[in-house]
């Protein structure tokens with residue numbers, strides 16, 4: 001497809017799609033004393049809560065949806081003490097799990113797992129790891145992406161909507177990055193409690209700062225030993241290598257964004273000339289995995305993160321041989337991609353759902369319109 005207009009002025013060779021402004025194996029329950037609590041009565045779902053060693057384990061008895069191949073998974077991490085919160089389950093139709101991380105904070109190192117309704121075959125449900133934005137700062141939280149999680153859940157996907165420590169609440173360099181790495185690697189442990197999840201079909205999806213974290217987490221196998229996010233022993237690799245990632249209004253060039261506000265500077269602890277090694281490890285456009293497919297979704301009227309960051313990232317990825325697709329939302333602003341009531345949402349939803357179900361090649365061959 002040939003793309004024209006100011007959004008694509010400098011990179012006309014990019015594979016892209018322009019959206020017009022018109023609407024268009026077994027649960028780990030051994031030796032567990034279980035108690036039962038009814039939540040979400042309209043679904044008749046159950047949350048099982050029981051003591052396991054020194055902690056708790058929580059699991060929803062409602063696996064769910066269709067799947068696809070190809071994410072790499074190595075040995076899964078041990079299942080840490082997990083506490084579902086019934087109030088959250090009632091409100092969000094989700095179960096809360098705590099994932100392991102160094103010096104973990106149980107108030108922040110958790111995720112909410114959304115399972116599609118109905119009965120599903122084992123290892124048949126694609127998993128979306130959803131990473132919220134908010135400038136890596138503690139003013140935002142996983143609640144910011146809860147509506148997106150529910151909308152994707154309704155499409156038959158499982159969604160692991162993760163929280164992490166942020167600047168102002170114990171995060172920043174390098175804790176935020178380590179947390180996200182551990183959250184992604186927790187998917188196989190989740191699949192032990194929800195057998196319908198396919199831990200070999202995982203895609204990472206993030207918005208704004210979460211788009212940067214999704215792109216970075218997808219490239220972790222390129223990181224040197226000892227770097228933040230390297231959660232595996234020497235000679236190994238990430239527990240989860242995703243099938244692809246989606247960055248929605250993502251901060252894909254942190255050097256550019258560091259000149260626009262203080263968000264990147266505070267997340268990495270300085271400007272590019274002050275901490276160049278941190279930018280080299282964390283900046284998506286500087287750390288492209290040539291084997292990792294990506295989709296960059298960006299509004300042409302974004303005044304927070306320039307659309308040029310997605311344009312340039314896709315061009316750089318393609319120059320390295322990485323499959324990459326640019327989806328422009330013509331006339332959309334920064335928050336539009338995560339607004340499920342926006343007229344642009346069907347395009348965003350289709351991009352994510354088809355990527356998870358059918359893979360990058362099928363999506364790129366017939367991109368959303």
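Numbering (the UniProt record's numbering), first residue to last: 1 to 369.
Heads up, the beta-carbon is just placed ideally off N, CA and C, and yes, glycines get one too.
As the structure is a prediction and not an experimental result, all values here were calculated from the model.
Got a sec? Which residues, its chain only, sit under 7 Å from residue i by beta carbon, not counting five neighbours each side?
i	result
residue 355	203, 244, 246, 295, 363
residue 272	255, 258, 279
residue 182	99, 100, 101, 231
residue 105	165, 170
residue 270	none
Among the options, whose alpha-carbon lies nearest the alpha-carbon of residue i?
i	options	result
residue 288	228, 320, 347, 109	320
residue 125	357, 322, 366, 219	357
residue 117	99, 154, 110	154
residue 267	343, 97, 173	173
residue 141	158, 156, 164, 157	164
residue 195	158, 234, 291	158
residue 329	353, 291, 369	369
residue 95	105, 193, 264, 350	193
residue 349	264, 235, 156, 143	156
residue 290	219, 225, 270, 235	219
residue 263	105, 104, 139	139
Verify whether the separation of the beta carbon atoms of residue i and residue j is less than 8 Å.
i	j	result
residue 210	residue 298	no
residue 119	residue 180	no
residue 276	residue 360	no
residue 302	residue 333	yes
residue 111	residue 148	no
residue 185	residue 240	yes
residue 113	residue 160	yes
residue 238	residue 221	yes
residue 151	residue 340	yes
residue 335	residue 300	no
residue 310	residue 318	no
residue 229	residue 175	no
residue 223	residue 97	no
What residues in its chain sit with their C-beta under 6 Å from that of residue i, if we drop five residues either side in the sequence?
i	result
residue 248	207, 211, 297, 337
residue 137	166, 167, 168
residue 227	281
residue 304	334
residue 171	165
residue 342	336
residue 344	329, 332, 336
residue 353	155
residue 144	132
At a threshold of 7 Å, does residue i count as lining the ligand MN (C-beta to nearest heavy atom)?
i	result
residue 243	This structure simply doesn't include the ligand MN, nor any ligand for that matter.
Got a sec? Which residues, its chain only, sit under 8 Å from residue i by beta carbon, not counting five neighbours each side?
i	result
residue 214	129, 131, 204, 205, 206, 245, 246, 247, 250
residue 322	288, 289, 290, 291, 292, 293, 294
residue 234	225
residue 265	258, 271
Report buried or exposed for residue i, applying the criterion of at least 16 other Cβ atoms within 10 angstroms of its Cβ.
i	result
residue 102	exposed
residue 44	The pLDDT assigned to residue 44 is 28, lower than 50, so where the model puts this residue is not dependable; a value taken from the coordinates is nonetheless given after this. Flag for residue 44 reads exposed.
residue 108	buried
residue 261	exposed
residue 135	buried
residue 197	buried
residue 146	buried
residue 367	buried
residue 307	buried
residue 365	exposed
Check whether chain B comes within 8 Å of residue i, counting only Cβ atoms and requiring the distance to be less than that.
i	result
residue 184	The question asks about chain B, but that chain is absent: this structure has only one protein chain.
Should the stretch 276-286 be called in touch with the stretch 242-257, which here means at least 3 C-beta pairs below 8 Å? Touching, yes.
Cβ contact check for the stretch 185-203 and the stretch 114-124: 3 or more pairs under 8 Å: With a cut-off of 8 Å, the stretch 114-124 and the stretch 185-203 count as touching, because enough Cβ pairs lie within range.
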